[in-house]
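Student: I'd like to ask some things about the structure below.
4 protein chains.
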Amino acid sequence: MGDLDVYKQQGFGNRSGFGARPALVIVDFVNGFDDPALFGGGNISAAIARTGELLAACRRRDVPVAFTRVVYAEDGSDAGVFCLKAPGLKILTEAAPASQIVPALAPRAGEYVLRKTQPSAFFGTNFANWLISKQVDTLMVTGCTTSGCVRATVIDSMSYNFRTVVVTDGVGDRALGPHEANLFDMGQKYADLLTAAEVIAHLEGKAKRAR
Amino acid sequence: MGDLDVYKQQGFGNRSGFGARPALVIVDFVNGFDDPALFGGGNISAAIARTGELLAACRRRDVPVAFTRVVYAEDGSDAGVFCLKAPGLKILTEAAPASQIVPALAPRAGEYVLRKTQPSAFFGTNFANWLISKQVDTLMVTGCTTSGCVRATVIDSMSYNFRTVVVTDGVGDRALGPHEANLFDMGQKYADLLTAAEVIAHLEGKAKRAR
Amino acid sequence: MGDLDVYKQQGFGNRSGFGARPALVIVDFVNGFDDPALFGGGNISAAIARTGELLAACRRRDVPVAFTRVVYAEDGSDAGVFCLKAPGLKILTEAAPASQIVPALAPRAGEYVLRKTQPSAFFGTNFANWLISKQVDTLMVTGCTTSGCVRATVIDSMSYNFRTVVVTDGVGDRALGPHEANLFDMGQKYADLLTAAEVIAHLEGKAKRAR
Amino acid sequence: MGDLDVYKQQGFGNRSGFGARPALVIVDFVNGFDDPALFGGGNISAAIARTGELLAACRRRDVPVAFTRVVYAEDGSDAGVFCLKAPGLKILTEAAPASQIVPALAPRAGEYVLRKTQPSAFFGTNFANWLISKQVDTLMVTGCTTSGCVRATVIDSMSYNFRTVVVTDGVGDRALGPHEANLFDMGQKYADLLTAAEVIAHLEGKAKRAR
Chain A
4 MGDLDVYKQQ GFGNRSGFGA RPALVIVDFV NGFDDPALFG GGNISAAIAR
54 TGELLAACRR RDVPVAFTRV VYAEDGSDAG VFCLKAPGLK ILTEAAPASQ
104 IVPALAPRAG EYVLRKTQPS AFFGTNFANW LISKQVDTLM VTGCTTSGCV
154 RATVIDSMSY NFRTVVVTDG VGDRALGPHE ANLFDMGQKY ADLLTAAEVI
204 AHLEGKAKRA R
Chain B
4 MGDLDVYKQQ GFGNRSGFGA RPALVIVDFV NGFDDPALFG GGNISAAIAR
54 TGELLAACRR RDVPVAFTRV VYAEDGSDAG VFCLKAPGLK ILTEAAPASQ
104 IVPALAPRAG EYVLRKTQPS AFFGTNFANW LISKQVDTLM VTGCTTSGCV
154 RATVIDSMSY NFRTVVVTDG VGDRALGPHE ANLFDMGQKY ADLLTAAEVI
204 AHLEGKAKRA R
Chain C
4 MGDLDVYKQQ GFGNRSGFGA RPALVIVDFV NGFDDPALFG GGNISAAIAR
54 TGELLAACRR RDVPVAFTRV VYAEDGSDAG VFCLKAPGLK ILTEAAPASQ
104 IVPALAPRAG EYVLRKTQPS AFFGTNFANW LISKQVDTLM VTGCTTSGCV
154 RATVIDSMSY NFRTVVVTDG VGDRALGPHE ANLFDMGQKY ADLLTAAEVI
204 AHLEGKAKRA R
Chain D
4 MGDLDVYKQQ GFGNRSGFGA RPALVIVDFV NGFDDPALFG GGNISAAIAR
54 TGELLAACRR RDVPVAFTRV VYAEDGSDAG VFCLKAPGLK ILTEAAPASQ
104 IVPALAPRAG EYVLRKTQPS AFFGTNFANW LISKQVDTLM VTGCTTSGCV
154 RATVIDSMSY NFRTVVVTDG VGDRALGPHE ANLFDMGQKY ADLLTAAEVI
204 AHLEGKAKRA R
């Protein structure tokens, strides 16, 4: 029996579906993660392009949008165990070019930009309460890396009981093996897997029905 | 360039090491996850055996020990999105045989048994504050599944700035592909990977030095 | 200039109002807090009576209802600093009569009963995610004590961006000075203060309009 | 029977004491809270002076120090229910003079400055994990207001199982009634109440013993 059969037999891999009030979070699409010489590579640049299309659709439909950045203090006062495992992260300070959101996805006024020092967009941030203030019930996730901050964000999103959608071609990783392995895990247990085109179609259809 | 080279070049995969005050958490080693007909299979039973050896060493050295169980209310009042993705989890109620810790690892009085409804041992629980009350700085993680509740617990452990050790042969999964893929991710970014024997040797050595 | 003038001049004390989806939480109305020989006294019994009326109204309108209990492990494994300040709390174990919800407010199947060890209903619990799963935007708070677990719950409720209503005659305390002082603080900064009758009228009116 | 007798009879008001590893948090001592025309008044300026003395002692003994600031986004994207109750808070943006720490307590490199949007220093921040990274077991709290962000921080500190000390003359409020009422509540249930001089004597004595 293959892996997939085991998951199916044990009752995993069902769809949680969309609710009525989606939001989009774009995880760590900053310059440093779009640069293979720093933390980028793999399919990240392609995922940024797909995210741009979804972002445009969300803006047309007034879907709330949040962006995350990894930001550490200049003096290292908030560097912890994550920076022991990956010391290079400490270059991501407030003013560093590497920690700025990529120009193609530049946030607009009123969109929420949150700083974080840990993998999940929820850890040590006001993301959960921001989502509550917007009455969101569904979180669509793009960003990078699939096997890192996306995965951590998706676990917390589901744990907070937001229906969660991973945009399969809107998330990227420096290496394709971990990308695929994490999509599998998330699809089986935490989130629905949909392409950017499928999500956009859902948003457009929903908006039409609401008129 | 292979995947591992990319991670190395970008500065991932360093050791965070042990601190001075370790604790052990045993994630979801309950009957239902030791039963291939429910949620078990793969290398889970072997991981329970290795965990038994580490548990005995921790008890000899008075290392704090915590166990997690997944427990949902009988009336379904606390079932959320996780139970949409995997409805079978709802059988894990307080009194269900499937949700009891396996006999080989039965908790003793004074060891902490925590109930959870989400993947991470930290989410919606008092685990962080229990670790603080014990002045723990290092969390050793065994349990199942590697690609599920272990991974989620490890991300949060590291995010809370506990030095984190995944006991490679003390964690198990229903399928070996996800097991291996998640060990890779955790070792690169969140935790040190050590065998039960290596961890036991560390604990014994440490205790000797302290005398 | 009196205290109230200072708060008014500095812009505190505005109403946050009701949203569209209220829920009711009943904090720690368990036998031990209805017994002046244990943790009760003051106006707690009267507050239980008023809460009974509001609970009935919520049940008529299908407003989600949650109850909290303080529950510590029999073996003391989860007692922390709170139990240093107030050691008597440790008698509140799962089976202790003192930790059972008062008969007048007995929960029904499907209503959420949450165990906690800290003052706030949100700390170390799945309350936030339960509220998210019910798409709640407004939390109505009754229970005891006003100066203890009610106050802590209200701060967190507001911090999570739930519009928060303290039911002034549905919350009680063992001493009236702290009761009044905490109502003042909460009304100025965190929550709207309304009587049970006012809240019931709002719920009834809202339901009528929705038909 | 007076209020105090009730608390004593019910077993409240015990000391939790100091542990071995204290840290100091200075809550919201920013210009806007030192200005009676904005959010200040009462005994806040005096509390800043006492805090300066304690801060100097902590620096001499290498006790970890953290500061909090309330900081909202310029575009209002993170304003929630707190800003409905007190809209004036929205002026506290990153660059606003009112949100800068008072010059008398200017942070030094390596001291932790955390931004928050909610009352508690722990809510939506990395304060808990920073304290864990420093292996802190005791949190000493100064700042303002006693009835607001200090109280909220103290509840969370105790809930996370940090032994908590409120520095009675190092915390201040715009109005003395709420100041006194909240000291009473905190002393009975959450924290020990000590003057700055008493805390300094403890730190000095402790350091002497350690030599």
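Same order as they appear, the protein sequences are chains A, B, C and D.
Each residue of the first sequence is one higher than the last, beginning at 4 in my numbering.
Each residue of the second sequence is one higher than the last, beginning at 4 in my numbering.
Each residue of the third sequence is one higher than the last, beginning at 4 in my numbering.
Each residue of the fourth sequence is one higher than the last, beginning at 4 in my numbering.
Backbone N, C-alpha and C define an ideal beta-carbon position, used for all residues, glycine too.
Going by Cα to Cα distance, which pick from D:S80, D:F187, D:S150 is closest to D:R10?
Tutor: On the fourth sequence, residue 10 of chain D is found 7 positions in, with the first residue counted as 1. Arg is not the amino acid found at residue 10 of chain D; the sequence shown has Tyr there. Of the listed residues, the one whose Cα sits closest to D:Y10 is D:F187.
Student: Taking the alpha-carbon positions, what's the B:T149 to D:Q13 distance?
Tutor: Residue 149 of chain B sits at position 146 when you count from the first residue of the second sequence. Residue 13 of chain D sits at position 10 when you count from the first residue of the fourth sequence. In a straight line, the C-alpha of B:T149 is about 47 Å away from that of D:Q13.
Student: Which of the three DSSP states is assigned to C:A194 in this structure?
Tutor: The count along the third sequence starts at 1 and reaches residue 194 of chain C at position 191. Coil at C:A194, not helix or strand.
Student: So, at 7 Å on beta carbons, what are the nonlocal neighbours of A:A23 in its own chain, with the 5 sequence-adjacent residues on each side left out?
Tutor: Position 20 of the first sequence holds residue 23 of chain A. Correct list, in chain order: D140.
Student: Give a yes or no on whether the C-beta atoms belonging to C:A101 and C:L92 are separated by under 7 Å.
Tutor: As a first step, residue 101 of chain C is located in the third sequence; it is residue number 98 there, counting from the start. As a first step, residue 92 of chain C is located in the third sequence; it is residue number 89 there, counting from the start. No, these two residues do not count as a Cβ contact at 7 Å.
Student: Measuring alpha carbon to alpha carbon, tell me which residue in C:N129, C:A49, C:P122 is nearest C:A199.
Tutor: Locating residue 199 of chain C in the third sequence gives position 196, where the first residue counts as 1. Nearest C-alpha to C:A199: C:A49.
Student: Taking DSSP as the reference, what is the three-state secondary structure of C:A199?
Tutor: Walking along the third sequence from the start, residue 199 of chain C turns up at place 196. The answer is helix: DSSP assigns C:A199 an H, G or I state.
Student: Strictly below 8 Å CB to CB, what residues from chain B border C:Y115?
Tutor: Residue 115 of chain C sits at position 112 when you count from the first residue of the third sequence. Near C:Y115 (Cβ distances below 8 Å), the residues of chain B are A76, S80, D81.
Student: Work out the CA separation of C:A131 and C:V28 for me, nearest whole Å.
Tutor: Residue numbering aside, residue 28 of chain C sits at position 25 when the third sequence is read from its first letter. Residue numbering aside, residue 131 of chain C sits at position 128 when the third sequence is read from its first letter. So the two alpha carbons sit approximately 12 Å from each other.
Student: Mark D:E207 as exposed unless 16 or more other C-beta atoms lie within 10 angstroms of its C-beta, in which case mark it buried.
Tutor: Here the question's residue 207 of chain D lines up with position 204 in the fourth sequence. Answer is exposed; the Cβ neighbour count stays below 16.
Student: Going along the chain, which unbroken runs of the beta strand (DSSP E) with 3 or more residues stay wholly within the region 8-52 of chain B?
Tutor: Here the runs fully enclosed are 25-30.
Student: Step through the CB atoms of chain B and report whether any lies within less than 7 Å of the CB of D:N17.
Tutor: Looking up residue 17 of chain D in the fourth sequence gives position 14. Answer no: the Cβ-Cβ gap between D:N17 and chain B never drops below 7 Å.
Student: Could you check the C-alpha separation between D:A60 and C:T167 for me, to the nearest Å?
Tutor: For the purposes of this step, residue 60 of chain D is taken as the residue at position 57 of the fourth sequence. For the purposes of this step, residue 167 of chain C is taken as the residue at position 164 of the third sequence. So the two alpha carbons sit approximately 41 Å from each other.
Student: Please list the residues of the region 137-163 of chain B that have a C-beta atom closer than 7 Å to any C-beta atom in chain A, keeping them in chain order.
Tutor: Result list: S150, G151, A155, I158, M161, S162.
Student: Apply the 10 Å Cβ neighbour rule to A:G190 and answer buried if 16 or more other Cβ atoms are within range, or exposed otherwise.
Tutor: Taking the first sequence and counting its residues from 1, one reaches residue 190 of chain A at position 187. Buried is the call here.
Student: Sorted by chain position, which residues of the same chain lie with C-beta nearer than 6 Å to A:H238's C-beta, five sequence neighbours on each side aside?
Tutor: The shown model of chain A, from 4 to 214, leaves out residue 238 of chain A, and the question about it has no answer.
Student: Roughly how many angstroms lie between the CA atoms of A:C152 and A:T145, to the nearest whole one?
Tutor: Here residue 152 of chain A refers to the residue found at position 149 of the first sequence. Here residue 145 of chain A refers to the residue found at position 142 of the first sequence. Approximately 10 Å between the Cα atoms of the pair.
Student: Beta carbon of A:D38, beta carbon of A:C147: below 7 Å?
Tutor: Numbered from 1 along the first sequence, position 35 holds the residue referred to as residue 38 of chain A. Numbered from 1 along the first sequence, position 144 holds the residue referred to as residue 147 of chain A. Against a cut-off of 7 Å, the Cβ pair of A:C147 and A:D38 comes out as no contact.
Student: Please list the segments of the beta strand (DSSP E) lying wholly inside the region 77-157 of chain A, counting only runs of 3 or more residues, in order along the chain.
Tutor: Taking only runs of at least 3 residues, the beta strand (DSSP E) segments lying wholly in the region 77-157 of chain A are 115-119, 141-147.
Student: Tell me which same chain residues have a C-beta within less than 6 Å of the C-beta of A:S160, skipping the five on either side of it?
Tutor: Numbered from its first residue, the first sequence carries residue 160 of chain A at position 157. Within the same chain, A:S160 has close Cβ partners L142, T167.
Student: Short check: CB of C:R111 to CB of C:R72, under 7 Å?
Tutor: Counting from one through the third sequence, the residue named residue 111 of chain C turns up at place 108. Counting from one through the third sequence, the residue named residue 72 of chain C turns up at place 69. The answer is no: Cβ separation not under 7 Å.
Student: Alpha carbon to alpha carbon, how far is C:R62 from C:L7?
Tutor: The count along the third sequence starts at 1 and reaches residue 62 of chain C at position 59. The count along the third sequence starts at 1 and reaches residue 7 of chain C at position 4. Approximately 37 Å, taken between the alpha carbons.
Student: Pop quiz: A:V66 and A:P25 are said to be a contact at Cβ under 8 Å. What is the actual Cβ separation, rounded to whole angstroms?
Tutor: Walking along the first sequence from the start, residue 66 of chain A turns up at place 63. Walking along the first sequence from the start, residue 25 of chain A turns up at place 22. Correct: roughly 6 Å between the Cβ atoms.
Student: Got a sec? Which residues, its chain only, sit under 7 Å from D:Q103 by beta carbon, not counting five neighbours each side?
Tutor: Counting from 1 along the fourth sequence, the entry for residue 103 of chain D is found at position 100. So the qualifying residues of the chain are V33, N34.
Student: Would a C-beta distance cut-off of 7 Å place B:R53 and B:D172 closer than the cut-off?
Tutor: As a working mapping, residue 53 of chain B is identified with position 50 in the second sequence. As a working mapping, residue 172 of chain B is identified with position 169 in the second sequence. Closer than 7 Å, so yes.
Student: Label D:G127 either buried or exposed according to how many other C-beta atoms from any shown protein chain fall within 10 Å of its C-beta, with 16 as the threshold for buried.
Tutor: Counting from one through the fourth sequence, the residue named residue 127 of chain D turns up at place 124. Label assigned to D:G127: buried.
Student: Please classify B:P122: is it buried, with 16 or more other beta-carbons within 10 angstroms of its beta-carbon, or exposed?
Tutor: Numbered from 1 along the second sequence, position 119 holds the residue referred to as residue 122 of chain B. So B:P122 ends up on the buried side.
Student: Is there a Cβ from chain B that is less than 7 Å from the Cβ of D:I47?
Tutor: Position 44 of the fourth sequence, counted from the start, is the residue given in the question as residue 47 of chain D. Judged by the 7 Å Cβ criterion, D:I47 is not in contact with chain B.
Student: Residues bridged to A:Y75 by DSSP?
Tutor: In the first sequence, residue 75 of chain A corresponds to position 72, counting from 1. DSSP, once it has assigned bridges, lists A:T96 as partnering A:Y75.
Student: Does the beta carbon of A:P90 come closer than 7 Å to any beta carbon on chain B?
Tutor: The residue you call residue 90 of chain A lines up with position 87 of the first sequence. Yes, its Cβ sits closer than 7 Å to a Cβ of chain B.
Student: By how many angstroms is the C-alpha of B:G16 removed from the C-alpha of B:F42?
Tutor: Within the second sequence, numbered from 1, the residue matching residue 42 of chain B stands at position 39. Within the second sequence, numbered from 1, the residue matching residue 16 of chain B stands at position 13. The alpha-carbon atoms of B:F42 and B:G16 are separated by roughly 31 Å.
Student: Which same chain residues end up closer than 7 Å to B:G165 when comparing Cβ atoms and leaving out the 5 residues on each side of it in sequence?
Tutor: Numbered from 1 along the second sequence, position 162 holds the residue referred to as residue 165 of chain B. The amino acid at residue 165 of chain B is misidentified as Gly; the sequence shows Phe. Result list for B:F165: L134, V139, D140, T141, L142, in chain order.
Student: Should A:G20 go down as buried or exposed, given a rule of 16 or more other Cβ atoms within 10 Å for buried?
Tutor: Start at 1 with the first residue of the first sequence, and residue 20 of chain A comes out as number 17. Exposed: under 16 other Cβ atoms inside 10 Å.
Student: If you draw a straight line from the alpha carbon of D:F36 to that of D:A178, how long is it in whole angstroms?
Tutor: On the fourth sequence, position 33 is the one that residue 36 of chain D refers to. On the fourth sequence, position 175 is the one that residue 178 of chain D refers to. Computed Cα separation, rounded: 12 Å.
Student: Work out the CA separation of B:L57 and B:L108 for me, nearest whole Å.
Tutor: Position 105 of the second sequence, counted from the start, is the residue given in the question as residue 108 of chain B. Position 54 of the second sequence, counted from the start, is the residue given in the question as residue 57 of chain B. The straight-line gap from Cα to Cα measures roughly 10 Å.
Student: Rounded to the nearest angstrom, what separates D:Y75 and A:K137 at their Cα positions?
Tutor: Your numbering for residue 75 of chain D matches position 72 in the fourth sequence. Your numbering for residue 137 of chain A matches position 134 in the first sequence. So the alpha carbons of these two residues sit roughly 17 Å apart.
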